[in-house]
Amino acid sequence: MSVITRKKSLISAASIALLAIGIGTQPASAAILTFTGQDVGATPADPRPNSDVAAANFDTAAGVLGAVNVIDFEDAPLGNFAALNIAPGVTATLTGTDTEGGIVTTPTLFGGTTPNTLGYNTTSGGEKFLGVVPVHDIGTMSVDFSFAEPIQAFGSYLTGLGTANGDLNVLFDDGTSQMLSVVGDSSGGSLFFGFTDAGKSIASVSLRLTSVMGSRDIFAIDDVRFVAASSPSSSVPEPSSMLGILGIGTAVAALALKRKGERF
C-alpha cells in the first residue's frame, strides 16, 4: 500500500468545526453496493471482459473493507454432496438438487457439449468448480453458504445461468432480510455477481432458484469471494474518533474566535 503525502493547506477554524460536525453525522455504514457483469454465451475458451471487470471492481471495493478471501474449489474433493466444508469456517449446503449434483467436478466429469449453458471453471489455470443440478419440477433449489465468522461482502462467478427455468435470488440477513436478483441469459455464458454491505454482520448467503417447473437450469459456481465482518477498515471512522474530531474542531474554533476578538 502506498502512502501519499500532501502539503497541508490552511483552512479556517470555523471550517474545521463544521467539517468535524459533518463527518460525525454520517451514517455508521454505507448502503449495499452490487457488482454485476455478464458475457452472454461465453464458453470456457472465450474472454470474459464484462464479468472480469465486475469481479475486479468488487475486489477493489471489498478490499477497502478487509482481506478478500477466494474459494476456487481446486483443493475440494471431487464428488456429489449435500453439504461440504469448502474452506475453514465456510460450509456449502445444497437443497433441491438432483442425485447428480451439487458436485465438485471438472469439465470432463460434468460432461455436456455446451458448457456455456451448463457451467464451467473460471479459475485461471484451474479446472474444478461447483456444479449445480436442480431436480426437475422442484419449485425451489438453494445453495447456502454459511460462515462461522460473519461476513460483510460476498461475490462469485455464475456460469451457464439461464432465464427460462427459474429466477435466481441472493438472500441474506444483515439485521434486515435482504433479497437481490440475478438475471441470467438463455444462452448462458459467464456472469459475476457480488455485493458489499460495509459494517454489517452476515452469517449466511443463499443462492435460491424459484419456479423451477417443467425443466431445470443447470449452472456452476466458482471463485467465491468474501470479506469477514471483523476485518479492519479505515473507510468508516469509529464513533469515539468522531467525538475526538468534534472536540478538536470545537476547541480550535473557540480559540480562533478568541484571537479574532483580541485583534480589534
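Note that the UniProt record's numbering has the sequence shown beginning at 1, numbered continuously upward. Cβ coordinates follow ideal geometry from the N, Cα and C atoms, glycine included.
Checklist entry - DSSP three-state call for D52: helix, strand or coil? => result Here residue 52 is taken as the residue at index 52 of the sequence shown, counted from 1. DSSP places D52 within a helical segment (H, G or I) once states are collapsed to three.
Next on the checklist: So, under 8 Å CB-CB, V205 and F145 are touching, yes? Tell me the CB distance rounded to an integer number of Å.
Outcome noted: Taking the first residue of the sequence shown as position 1, residue 205 is located at position 205. Taking the first residue of the sequence shown as position 1, residue 145 is located at position 145. Your pair V205 and F145 checks out as a contact, with CB atoms roughly 5 Å apart and the cut at 8 Å.
Next on the checklist: Using CA atoms only, rank isn't needed, just tell me which of V70, P49, N116 is closest to S156.
Outcome noted: Locating residue 156 in the sequence shown gives position 156, where the first residue counts as 1. Minimum Cα distance to S156 is reached at V70.
Item to check | Own chain residues within Cβ distance below 6 Å of Q178, not counting five before or after | outcome: Along the sequence shown, one-based indexing puts residue 178 at 178. Hits under 6 Å: F172.
Item to check | Among A61, T43, S201, G66, the one whose alpha carbon lies nearest that of L220 | outcome: Translated into positions along the sequence shown, residue 220 becomes position 220. It is worth fixing the name first, because residue 220 is Ala in this sequence and not Leu. Nearest C-alpha to A220: T43.
Next on the checklist: Here's a check: name, in chain order, each residue in its chain whose Cβ is nearer than 7 Å to the Cβ of I151, leaving out the five neighbours to either side.
Outcome noted: Position 151 of the sequence shown holds residue 151. Hits under 7 Å: I202, F226, V227, A228, A229.
Next on the checklist: Rounding to the nearest angstrom, what Cα-Cα distance links S190 and R208 in this structure?
Outcome noted: Taking the sequence shown and counting its residues from 1, one reaches residue 190 at position 190. Taking the sequence shown and counting its residues from 1, one reaches residue 208 at position 208. Linking S190 to R208 through their CA atoms gives a straight-line distance of about 18 Å.
Item to check | Close-in-space but distant-in-sequence residues of the same chain around I103 (CB under 6 Å, 5 per side omitted) | outcome: For the purposes of this step, residue 103 is taken as the residue at position 103 of the sequence shown. Correct list, in chain order: N80, G131.
Checklist entry - For V227, which three-state DSSP category applies? => result For the purposes of this step, residue 227 is identified with residue 227 of the sequence shown, where counting begins at 1. In the structure shown, V227 sits in a strand (DSSP, three-state: E or B).
Checklist entry - Tell me, which residues are paired with N80 by DSSP? => result Counting from 1 along the sequence shown, the entry for residue 80 is found at position 80. Beta-bridge pairing links N80 to I103.
Next on the checklist: G41 and S187 - do their beta-carbons sit closer together than 7 Å?
Outcome noted: Start at 1 with the first residue of the sequence shown, and residue 187 comes out as number 187. Start at 1 with the first residue of the sequence shown, and residue 41 comes out as number 41. Between S187 and G41, the CB-CB gap stays under 7 Å.
Next on the checklist: With the cut-off set at 7 Å, would you say D223 and T123 are in Cβ contact?
Outcome noted: Translated into the one-based positions of the sequence shown, residue 223 becomes position 223. Translated into the one-based positions of the sequence shown, residue 123 becomes position 123. Going by C-beta atoms, D223 is nearer than 7 Å to T123.
Checklist entry - Should T159 go down as buried or exposed, given a rule of 16 or more other Cβ atoms within 10 Å for buried? => result Residue mapping note: residue 159 aligns to position 159 of the sequence shown, counting from 1. Here T159 is buried: its Cβ has 16 or more other Cβ atoms, across all protein chains shown, within 10 Å.
Checklist entry - According to the neighbour-count rule (16 or more other Cβ atoms, all chains shown, within 10 Å of its Cβ), is G175 buried or exposed? => result Numbered from its first residue, the sequence shown carries residue 175 at position 175. It counts as exposed.
Checklist entry - Between F110 and N57, what straight-line distance do the alpha-carbon atoms span, to the nearest angstrom? => result On the sequence shown, position 110 is the one that residue 110 refers to. On the sequence shown, position 57 is the one that residue 57 refers to. A direct Cα-to-Cα measurement between F110 and N57 gives close to 30 Å.
Item to check | Separation of P88 from A62, as counted between CA atoms | outcome: Within the sequence shown, numbered from 1, the residue matching residue 62 stands at position 62. Within the sequence shown, numbered from 1, the residue matching residue 88 stands at position 88. Here the C-alpha atom of A62 lies approximately 20 Å from the C-alpha atom of P88.
Checklist entry - Taking the alpha-carbon positions, what's the D75 to A54 distance? => result Here the question's residue 75 lines up with position 75 in the sequence shown. Here the question's residue 54 lines up with position 54 in the sequence shown. Rounded to the nearest angstrom, the two C-alpha atoms are 25 Å apart.
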